[in-house]
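> Quick one: this structure, given as structure tokens, is what I'll be asking you about.
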Amino acid sequence: MSIIVLDPTAETSPVTLPKTTRPESLSGLTVGLLDISKPRGDVFLDRVEELLSALGVSVKRYIKPTFTKPAPVDLRDEIAGSCHAVIEALAD
Amino acid sequence: MTHESSTSPSPTPVVAQALSHESPEPTVALPDGFVAVVKQDCPTCVLVAPVLEALAETVGLTVISQDNPTFPVAAGWVLHDHDLAMSWHHEIETVPTLLRVAEGRPTYRVEGWSREVWENFTGCQELGTGLPQWRPGCGSLSVDPAHADKLAVRFLGSAMKSRRIEIGSLTDEWETMHDRGWSDGLPVVPPSEVRVMRMLDGTHRAPDEVVAVVPPDMVECTVEKVAINSVMAGCRPEYLPVVLTAVEAACTDEFNMHGLLATTMPVAPVIIVNGPIRHRIAMNSGVNVLGQGNRANSTIGRALQLVVRNVGGGKPGGVDRATHGGPHKIGMCFPEDEEGSPWTTLAESRGFSSDQSTVTLFPGEGPRLLFDQISRTPESLTRHLARSLIANVSPRLALQFETVLVLGPEHMKRYAAACWDRDRFISELHRELTYPADDVIRGTDGIAEGMPDFLAGHKISKFPPGGIHVVHAGSGAGLFSMTFAGWVTGATGSVTVTREIVTEESRS
Chain A
-2 MSIIVLDPTA ETSPVTLPKT TRPESLSGLT VGLLDISKPR GDVFLDRVEE LLSALGVSVK
58 RYIKPTFTKP APVDLRDEIA GSCHAVIEAL AD
Chain B
22 MTHESSTSPS PTPVVAQALS HESPEPTVAL PDGFVAVVKQ DCPTCVLVAP VLEALAETVG
82 LTVISQDNPT FPVAAGWVLH DHDLAMSWHH EIETVPTLLR VAEGRPTYRV EGWSREVWEN
142 FTGCQELGTG LPQWRPGCGS LSVDPAHADK LAVRFLGSAM KSRRIEIGSL TDEWETMHDR
202 GWSDGLPVVP PSEVRVMRML DGTHRAPDEV VAVVPPDMVE CTVEKVAINS VMAGCRPEYL
262 PVVLTAVEAA CTDEFNMHGL LATTMPVAPV IIVNGPIRHR IAMNSGVNVL GQGNRANSTI
322 GRALQLVVRN VGGGKPGGVD RATHGGPHKI GMCFPEDEEG SPWTTLAESR GFSSDQSTVT
382 LFPGEGPRLL FDQISRTPES LTRHLARSLI ANVSPRLALQ FETVLVLGPE HMKRYAAACW
442 DRDRFISELH RELTYPADDV IRGTDGIAEG MPDFLAGHKI SKFPPGGIHV VHAGSGAGLF
502 SMTFAGWVTG ATGSVTVTRE IVTEESRS
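Chains as they are written, first to last, in our numbering: chain A, -2 to 89; chain B, 22 to 529.
Structure below.
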């Protein structure tokens, strides 16, 4: 169940943290494909890689050690430092 | 006939009360005429069910049931108070409560069952003849601890204007407090509406009253914002008046919270509490007085610092530029041991009376030990304390900094035995702290730091006049005192500020 708290601040910043804006085009960008280690996620990402590569988009592949835990900090840092966008595959 | 004044037979739990017509307009109207508020989960209400039916027929009674909508029967004269709005708005504390209602509001009420009172009240005779003469009622669902807080939030919550932030069920609210930057690094209590409402019960002041303009962002801070941060700091509601006064004192021009925050020196508000409130909120002035372990001591200063952080926007690395800081910047608050001291209190020395509760805010470093286990005369002890105090901030600097001297009980005994009072002690201490400036002129003794050349040939005093603030506190074992070194005093720095804590009791 969610809980409601009262803002203790001067309320000068927005309630929700803004999301990173989506790129308008993939042209010239590097896209990371993150396999979360669920069965057949690689099948899905293989196809995505084919399609992106055909568009001339640079692709890098990553894999989480296990889908049951968040991606390790080092992996997140590597993706954030190497890619402009990321596609995360959830499959079964 | 009905009676404007009525007394219940003695002994009886029934309360008969004529109601003021000056009470605020109810936001939920009751049906006019006779009204009984009941719940099925009350043996007395079940007992008087036949009486309720009889009154419905004879005087047009309306029954408001808090639980079962068909209690005592399914009928048009039985209303269901499904959200307890009618009970809450009309302050029903007991069921059954019998009301006479005019223009939507009760003008008269009786609580519990008493045949005589109910007969007088309704003008009907021989009510419930087979029933006991009287029976006490039960607690109204609207004051049941399981419901009361939620009802208060539902019906009074709109008085709290702060933005509501919903934390999803998959998110850890304790982590969220940190992630949003609301914490000083330690866990903070999530300020739910119920907790903040409970906190606001600690003051008579309105939630929207502006307490102070808080630096560095110079934001108007309301009682409500102080209450929210007090919840987060771990305060109990009865601490709130102390926190509010501390916020007021910190945000005065004299105390200069902005400068204290922005300086690279390791200083923060040191809050000293005097007066009766120390006992009412169970503060510790004895063993480990400056340390951990007492909730009031530990959370009041923290609440002030959270207000400065969250409302004022003062954060380390932002406007807070302390080179090292110190653990006292989490919050530093303690009371004086007034009862164990033969001297006037700190607050009395600053013009307040012993029956006034006060906070004194001093711009201080963390506390440091003043050690003396050998001196048996006040002269020896004073001279040694003076030698130790010379080191405050720097032994090469004088006049610019004040100090709080926390005299321990075993040191105080030396002065009490010799019949020294506060004034004499401070006078003798100042004398011991007056020395030739030549000893500490810049460049002397191979040290560049020191007092400026123009003071050469003069005597200087370590502390300015009025710059030694003596407080009695600590445990009865240990020949020690403590000192808080100060920050720059006077118009260019911070001036120590004392303010009275205004509570409901002190107002009356």
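Every residue, glycine too, gets a C-beta built ideally from N, C-alpha and C.
Mind the definition here: the segment 388 to 397 of chain B touches the segment 447 to 463 of chain B only if three or more C-beta pairs lie below 8 Å; say whether that holds.
Because the criterion of three Cβ pairs below 8 Å is not met, the segment 388 to 397 of chain B and the segment 447 to 463 of chain B do not touch.
> Does the segment 211 to 223 of chain B come close enough to the segment 162 to 178 of chain B to have 3 or more Cβ pairs within less than 8 Å?
Contact between the segment 211 to 223 of chain B and the segment 162 to 178 of chain B is present, because at least three Cβ pairs lie under 8 Å.
> Assign Cys272 (chain B) to buried or exposed, taking buried as 16 or more other Cβ atoms, counted over all protein chains shown, within 10 Å of its Cβ.
That one is buried.
> Asp238 (chain B) touches chain A at which residues, Cβ-Cβ below 7 Å?
The contacting residues are Ala7.
> Using a Cβ-Cβ cutoff of less than 6 Å, which residues in the same chain neighbour Cys354 (chain B) once the five nearest sequence positions on both sides are dropped?
Closer than 6 Å at the Cβ level, and outside the excluded window around Cys354 (chain B), lie Ile292, Asn318, Ile321 and Gly322.
> Along the segment 75 to 96 of chain B, what residues have a CB closer than 9 Å to any CB found in chain A?
Flagged: no residues at all.
> Could you tell me which chain A residues have their CB closer than 8 Å to the CB of Ile186 (chain B), listed as they occur along the chain?
Simply Ile1, Val2, Leu3, Asp4 and Val12.
> Specify, as a first and last residue, the run of the beta strand (DSSP E) that Asp32 (chain A) falls within.
Residues Thr27 to Asp32.
> Are the CB atoms of Met286 (chain B) and Ala343 (chain B) nearer to each other than 8 Å?
A contact, by the Cβ cut-off of 8 Å.
> What does the alpha-carbon distance come out to for the pair Ser527 (chain B) and Thr224 (chain B)?
For Ser527 (chain B) and Thr224 (chain B), the distance between alpha carbons rounds to 12 Å.
> Quick one: give me the first and last residue of the alpha helix (DSSP H) that Thr128 (chain B) is part of.
Taken as a continuous stretch (DSSP letters only), Thr128 (chain B) belongs to no alpha helix (DSSP H), being part of the beta strand (DSSP E) at Arg126 to Glu132.
> When you check each C-beta in the segment 176 to 203 of chain B against every C-beta of chain A, which residues fall closer than 7 Å?
Those would be Met181, Ser183, Arg184, Arg185, Ile186, Glu187, Ile188, Gly189, Ser190, Glu194 and Trp203, in chain order.
> Helix, strand or coil for Leu52 (chain A) per DSSP?
Three-state result, Leu52 (chain A): coil.
> List the endpoints of the continuous beta strand (DSSP E) containing Gly97 (chain B).
Where Gly97 (chain B) is concerned, there is no enclosing beta strand (DSSP E), given that its DSSP letter is neither H nor E.
> Does Ser190 (chain B) come out as helix, strand or coil in the three-state DSSP assignment?
Looking at Ser190 (chain B) - three-state DSSP - the assignment turns out to be coil, as it is neither helix nor strand.
> In chain A, which residues lie less than 8 Å from Ile351 (chain B) when you measure between Cβ atoms?
Neighbours of Ile351 (chain B) on chain A: none; closest Cβ ~16 Å, over 8 Å.
> Nearest chain A C-beta to Lys483 (chain B) closer than 8 Å, yes or no?
Judged by the 8 Å Cβ criterion, Lys483 (chain B) is not in contact with chain A.
> Lys336 (chain B) touches chain A at which residues, Cβ-Cβ below 7 Å?
Simply none; closest approach about 11 Å.
> Leaving aside the five residues before and after Arg371 (chain B) along the sequence, list all residues of the same chain whose C-beta is less than 6 Å from its C-beta, in chain order.
Same-chain partners within the cutoff: Thr519.
> Is the CB-CB distance between Thr424 (chain B) and Phe505 (chain B) below 8 Å?
In this structure, Phe505 (chain B) lies closer than 8 Å to Thr424 (chain B) by Cβ.
> I think Ile468 (chain B) touches Arg417 (chain B), with their Cβ atoms under 8 Å apart; what is that distance to the nearest whole Å?
At roughly 6 Å, the Cβ-Cβ gap stays under 8 Å, so Ile468 (chain B) and Arg417 (chain B) are in contact.
> What runs of the alpha helix (DSSP H), each 4 residues or longer, lie entirely inside the segment 317 to 380 of chain B?
Complete alpha helix (DSSP H) runs here, min 4: 367 to 370.
> Give the list of continuous alpha helix (DSSP H) stretches no shorter than 4 residues that lie fully inside the segment 453 to 518 of chain B.
Listed in chain order, nothing qualifies, since the segment 453 to 518 of chain B has no complete alpha helix (DSSP H) run of 4 or more residues.
> Measure the C-alpha to C-alpha separation of Phe276 (chain B) and Asn331 (chain B) and round it to an integer number of angstroms.
Taking the straight line from one Cα to the other gives about 19 Å.
> Measuring alpha carbon to alpha carbon, tell me which of A:Ser(-1), A:Ser34 and A:Gly53 ends up nearest Tyr59 (chain A).
Minimum Cα distance to Tyr59 (chain A) is reached at A:Ser34.
> Nearest-angstrom Cα distance between Asp71 (chain A) and Ala77 (chain A)?
If I take the Cα positions, the gap works out to 10 Å.
> One question on the structure: do Ala267 (chain B) and Leu325 (chain B) come within less than 8 Å of each other, judged by their Cβ atoms?
Yes.
> Output yes if chain A places a C-beta closer than 8 Å to the C-beta of Phe250 (chain B); else output no.
Going by the sequence as given, residue 250 (chain B) is Asn instead of Phe. With 8 Å as the cut-off, Asn250 (chain B) counts as an interface residue toward chain A.
> For the segment 475 to 494 of chain B against the segment 348 to 365 of chain B, do three or more pairs of beta-carbon atoms, one drawn from each stretch, fall closer than 8 Å, so that the two count as touching?
Result yes; three or more Cβ-Cβ pairs closer than 8 Å.
> I'd like to know if Ser213 (chain B) contacts chain A, where contact means its C-beta is closer than 8 Å to some C-beta of that chain.
By this cut-off, Ser213 (chain B) is an interface position.
> In chain order, which continuous runs of the beta strand (DSSP E) of length 3 or greater are located wholly inside the segment 253 to 310 of chain B?
Entirely contained in the segment 253 to 310 of chain B, the beta strand (DSSP E) runs reaching 3 residues are, in chain order, 289 to 295.
> Taking only beta-carbon atoms, is Arg73 (chain A) less than 8 Å away from chain B?
No, Arg73 (chain A) does not count as interfacial toward chain B.
> Are the C-beta of Lys171 (chain B) and some C-beta of chain A separated by less than 8 Å?
So no, Lys171 (chain B) is outside the interface.
> For a minimum of 3 consecutive residues, which ranges assigned as the beta strand (DSSP E) are wholly contained in the segment 109 to 183 of chain B?
You should have 118 to 123 and 126 to 132.
> For chain A, check one thing: does any of its Cβ atoms lie closer than 8 Å to the Cβ of Lys60 (chain B)?
Lys60 (chain B) does not count as touching chain A.
> Using a Cβ cut-off of 8 Å (strictly closer), state whether Asn331 (chain B) contacts chain A.
Yes, because at least one Cβ of chain A sits closer than 8 Å to the Cβ of Asn331 (chain B).
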